[in-house]
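Using UniProt numbering, the first residue of the sequence shown is number 1, and each one after it goes up by one.
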Amino acid sequence: IKGVVRFGKTGKLSPRYIGPFEIFNCVGPVAYILALPHSLYGVHPVFHLSMLKKYHGDGDYIIKWDSVLLYKDLKYKEEPIAIFDHDIRKLRTKKIMSVKVQ
């Protein structure tokens, strides 16, 4: 499923899909009802075909829905794993600190 929950900022390496979920019913030529788990009760189960992606056996790039802890308002808390590097850049009169986090 694409675009159900924002997992941080969108970028090159941010995850964009969660799943896989079973197709429960076909509503029209381009709309499907998915069998969503109870933890995603706030999400409407009908999705357009463009929001879905075909499932492939190699699921390294897909986030499993049970590994994401969602609050009732479908938000989550990001926790950094490790800090790799930090740097202070100077922009005119300001100093901006940048941190590489995994």
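Yeah, the Cβ is synthetic: ideal placement off N, Cα and C, and Gly gets one too.
None of the values given here were measured: they were computed from a predicted structure.
Out of Met51, Tyr41, Ala31, point me to the one whose CA is closest to Leu70's CA.
-> Tyr41
Where Leu40 falls: helix, strand or coil (DSSP) | helix
For Lys53 versus Tyr17, is the C-beta spacing smaller than 7 Å?
-> yes
Below 7 Å CB to CB, which residues in the same chain sit around Ile33 once its five sequence neighbours on both sides are set aside?
-> Phe24, Asn25, Val27, Pro45, Val46
For the beta strand (DSSP E) that Met51 lies in, which residues bound it at each end?
-> Met51 -> no beta strand (DSSP E), and no H or E assigned at all.
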